[in-house]
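Chains as they are written, first to last, in this note's numbering: chain A, 94 to 172; chain B, 216 to 605. Here is the structure we will look at.
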Amino acid sequence: MKVTVCIGSSCHLKGSRTVVERLKELIEQHGLGDKVELAGTFCMGNCQKDVCVTVNDAVFSIVPEEVDSFFETEVLAHL
Amino acid sequence: MSLLFADIGIQSMNKYGEQLCGDHVDVLEQADDSTVIVLADGLGSGVKASILSTLTSKIISTMMAAGLSIEECVQTIADTLPISSVSRVGYSTFTLIHLVENREAEIFEYDNPHVILLRGGKHYHLPKAEQVIGDKTIYRSRVALQENDLFIAMSDGCTHAGIGIDKRFGWERDDIIAYLVSLYDPDFSAKTWATILLEECKNLYRFKPGDDTTICAIRMRRHEAVNVLFGPPAVHDDADRMISLFLEQEGRHVVCGGTTASLVADYLGVELRPSLTYDDPDIPPTAEMEGVDLVTEGVITVNRVLTYAKDYLQDNESYVKWGYKNDGASLLSRMMFEDATDIRFFVGRAMNPAHQNPSLPINFSIKMQLVIELNEALKKMGKRVQVTYF
Numbered sequence: 094m095k096v097t098v099c100i101g102s103s104c105h106l107k108g109s110r111t112v113v114e115r116l117k118e119l120i121e122q123h124g125l126g127d128k129v130e131l132a133g134t135f136c137m138g139n140c141q142k143d144v145c146v147t148v149n150d151a152v153f154s155i156v157p158e159e160v161d162s163f164f165e166t167e168v169l170a171h172l
Numbered sequence: 216m217s218l219l220f221a222d223i224g225i226q227s228m229n230k231y232g233e234q235l236c237g238d239h240v241d242v243l244e245q246a247d248d249s250t251v252i253v254l255a256d257g258l259g260s261g262v263k264a265s266i267l268s269t270l271t272s273k274i275i276s277t278m279m280a281a282g283l284s285i286e287e288c289v290q291t292i293a294d295t296l297p298i299s300s301v302s303r304v305g306y307s308t309f310t311l312i313h314l315v316e317n318r319e320a321e322i323f324e325y326d327n328p329h330v331i332l333l334r335g336g337k338h339y340h341l342p343k344a345e346q347v348i349g350d351k352t353i354y355r356s357r358v359a360l361q362e363n364d365l366f367i368a369m370s371d372g373c374t375h376a377g378i379g380i381d382k383r384f385g386w387e388r389d390d391i392i393a394y395l396v397s398l399y400d401p402d403f404s405a406k407t408w409a410t411i412l413l414e415e416c417k418n419l420y421r422f423k424p425g426d427d428t429t430i431c432a433i434r435m436r437r438h439e440a441v442n443v444l445f446g447p448p449a450v451h452d453d454a455d456r457m458i459s460l461f462l463e464q465e466g467r468h469v470v471c472g473g474t475t476a477s478l479v480a481d482y483l484g485v486e487l488r489p490s491l492t493y494d495d496p497d498i499p500p501t502a503e504m505e506g507v508d509l510v511t512e513g514v515i516t517v518n519r520v521l522t523y524a525k526d527y528l529q530d531n532e533s534y535v536k537w538g539y540k541n542d543g544a545s546l547l548s549r550m551m552f553e554d555a556t557d558i559r560f561f562v563g564r565a566m567n568p569a570h571q572n573p574s575l576p577i578n579f580s581i582k583m584q585l586v587i588e589l590n591e592a593l594k595k596m597g598k599r600v601q602v603t604y605f
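Below, the structure written as C-alpha cells:
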C-alpha cells in the first residue's frame with residue numbers, strides 16, 4: 094500500500110508536516126514499515142481543501158487532528 | 216569579461232559608547248569590471264570622525280571614478296578637509312584599492328595599517344613604493360590578480376585591539392596574518408572573513424572597543440552562476456521555451472516550486488522524488504530530480520531565503536541556521552549568498568491556483584514582491600543579478 098501526502102505550499106501551510114510525522118509514527122508503532130510505503134508529492138490540485146493525502150489511488154482531504162482515525166479506517170482496515 | 220569576480224565583505228564596529236562609526240568604506244563599481252574601494256578612518260571618534268571619513272572616502276572614490284589621478288585626489292583631500300580647532304589637524308587616513316578590470320590591483324595607503332594579501336592561503340608580501348604628495352607620504356603597490364587572492368584592509372582599531380588587556384602592542388599585523396593563515400579556507404566568503412576578524416577584535420577588546428574598527432575583505436574568485444526557475448509561465452505554451460532557456464544556462468540549476476518542478480520533470484522525462492525530511496519544521500521538504508541541482512518548494516522557501524538575505528546584510532545572526540542546515544531555504548541561501556557570483560532568475564507569472572485560497576497568506580503579488588526584494592538584497596551583496604519574466 095502506498096500512502097502519499099502532499100507537501101506543496103498550500104498543504105504545508107495547512108499542516109502536512111504534522112500529518113507526515115504522525116503517519117511515520119503510526120506506521121512504526123504498528124510495525125508496518127514493509128507493508129506501507131509513505132511518500133511525498135507536490136501539488137495534486139486540491140488546494141481548496143485540507144491536506145491532500147492519497148491511499149493507492151483514492152484521494153482524501155484531512156486535517157492534522159484526524160490523522161489517527163484516518164489511519165485506522167483507511168490504512169489499517171484495508172491491509 | 217574578466218574571468219575573476221571581486222567578492223567584497225565589510226564589517227565595522229563603533230568605539231564603545233559611540234553612536235556613529237568614525238570609519239567609512241565606499242565601494243564604487245565602474246564599467247568593465249573595475250572597482251574603487253576606499254576605507255577611511257576619521258581622526259577621533261563620533262560625529263566628527265564620521266564626517267571626516269565619509270567625506271574622504273566619497274571624495275576619493277568619486278574623483279578616482281572620474282579618472283583623476285591619485286595625486287589630485289590626495290591634494291583635494293589635503294585642501295578640503297576641515298581642520299580641528301583643538302588639535303589643528305584635520306584629516307582622515309585612508310586605504311584605496313583600485314581593482315582594474317579585475318586583472319590588477321592598485322593600492323594606495325595613507326596611514327592605515329598596510330593591506331594584507333594572502334595568495335593561495337599564504338602571506339604574499341606586496342612591494343611598496345613611497346610617494347610624497349603635499350605633506351603626506353603615500354605607499355603605492357601594484358599586483359596582478361590571481362584566483363583566490365584575499366586582500367584585507369583595516370582601520371587601526373583592528374591592530375590596536377587588545378592594547379592594555381592581553382596585548383602589549385595590540386593585535387599586531389604579523390599576528391593577524393598568522394591568524395588568517397591558520398584559518399584559511401578558500402571557500403570562505405569575503406563577508407565571512409570580515410566577520411571572523413571583527414569578532415576576534417571584539418574579543419580582544421573584551422567587547423568594549425577602544426576605537427572604531429573596520430575590516431574590508433576582498434576575495435578574487437571565479438564567476439559562478441546559479442540559475443533559479445521560479446513559477447510556471449503566465450502562458451502555458453511558453454513552458455518549454457522557459458525551461459529550455461533555463462536549462463541551457465551555464466552553472467547550477469535550482470527549481471523553486473512544486474508545480475514548476477513537475478513541469479521540468481515532464482520536460483526532461485525524469486522522475487521527481489520529493490523527500491519527507493523536515494530539517495526545519497517550517498520549510499517544506501526538498502525533492503530530487505536528475506538534471507537539476509536543487510528542487511525546493513516555492514513561496515514559503517523563497518520567503519525564508521529573503522529573510523536570511525536581509526539578515527545577512529545586517530548582523531548575519533541567522534548564519535547559525537542557514538550556514539549548516541539542509542532544508543530548502545538553507546541550501547538555497549548557501550548556494551546564492553556564498554557560492555554564486557552571478558544569479559539568473561527565470562520567473563514565471565502564472566497565477567497558481569494553489570495560492571488563490573483566501574485563507575492562505577500567500578498570493579501572486581507576494582510572490583512578485585519576493586522576487587523584487589530578493590533581487591535587491593542579492594545586488595547589495597555584490598552579486599550580479601538578472602531577472603527574466605515569462
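Think of the CB as a built atom: it goes at the ideal place given N, C-alpha and C, for glycine as much as any other residue.
Bridge pairing for B/Glu324: B/Thr310 and B/Tyr354 [DSSP]. Taking 8 Å as the upper bound for CB-CB distance, B/Thr475 and B/Gly513 are in contact here, some 7 Å apart. At a cut-off of 7 Å between C-beta atoms, B/Glu512 counts as an interface residue with respect to chain A. Relative to the Cα of B/Thr556, the nearest Cα in the group B/Arg434, B/Thr516 and B/Tyr527 belongs to B/Arg434. For B/Tyr534, the three-state secondary structure derived from DSSP is helix.
Nearest in C-alpha terms to A/Leu116, of all of A/Lys142, A/Asn149, A/Pro157 and A/Phe135, is A/Pro157.
Under the three-state reduction of DSSP output, B/Thr501 falls in the coil class, being neither helix nor strand.
By alpha-carbon distance to A/Leu131, the top candidate from B/Ile515, B/Ser490 and B/Asp494 is B/Ser490. In chain B, no part has a C-beta under 7 Å from the C-beta of A/Gly108; the shortest such distance is about 11 Å. Under the DSSP definition of a beta bridge, B/Met369 partners with B/Ile430. Under the DSSP assignment, B/Cys236 falls outside any alpha helix (DSSP H); it carries neither an H nor an E label. The residues Ile348, in chain order, have a CB closer than 7 Å to that of B/Glu286 in the same chain once the five nearest residues on each side in sequence are set aside. Contact annotation, B/Ala544 with B/Asp508: C-beta distance approximately 15 Å; criterion of less than 8 Å not satisfied. Below the 8 Å Cβ cutoff, chain A contributes Arg110, Val113 and Glu114 as neighbours of B/Tyr493, in chain order. When rounded, the separation of the alpha-carbon atoms in B/Asn567 and B/Gly473 is 11 Å. Secondary structure at A/Val129: coil, using DSSP grouped into helix, strand and coil. Only exposed fits B/Ala359, as fewer than 16 other CB atoms lie within 10 angstroms of its CB.
Secondary structure note for B/Phe561: its beta strand (DSSP E) is the uninterrupted segment Asp557 to Val562. The C-beta of B/Leu547 has 16 or more other C-beta atoms within 10 Å across all chains shown, which makes the residue buried. Assignment of B/Ser227 by DSSP, reduced to helix, strand and coil, places it in the strand class. Going by beta carbons, B/Val253 and B/Ala280 fall outside the 7 Å limit.
Counting along the chain, the unbroken beta strand (DSSP E) around B/Asn442 starts and ends at Ala440 to Phe445. With a threshold of 7 Å between beta carbons, B/Ile515 makes contact with chain A.
When the Cα atoms are used, B/Asp222 and B/Met228 turn out to be separated by approximately 21 Å. In the DSSP assignment, A/Phe153 falls within the unbroken beta strand (DSSP E) covering Ala151 to Ile155. Flagged as an interface residue toward chain A: B/Gly473, by a C-beta distance shorter than 7 Å. With 16 or more other Cβ atoms from the protein chains shown falling within 10 Å of its own Cβ, B/Asn317 counts as buried.
In this model, B/Arg559 and B/Asp248 are separated by some 18 Å (Cα to Cα). For the stretch 132-164 of chain A, residues whose beta-carbon sits nearer than 8 Å to a beta-carbon of chain B comprise Ala132, Gly133, Thr134, Phe135, Cys136, Gly138, Cys140 and Gln141.
Within chain A, the C-beta atoms nearer than 8 Å to that of B/Ser490 come from Gly133, in chain order.
When secondary structure is reduced to three states using DSSP, A/His171 falls in the helix class. Of all alpha-carbon atoms in B/Cys431, B/Gly563 and B/Tyr493, the one lying nearest the alpha-carbon of B/Leu332 is that of B/Cys431. At least 7 Å separates the beta-carbon of B/Ser276 from that of B/Asp238. A residue is called buried once 16 or more other Cβ atoms fall within 10 Å of its Cβ, and A/Asn139 is buried on that count.
For B/Ala344, the enclosing beta strand (DSSP E) starts and ends at Ala344 to Ile348.
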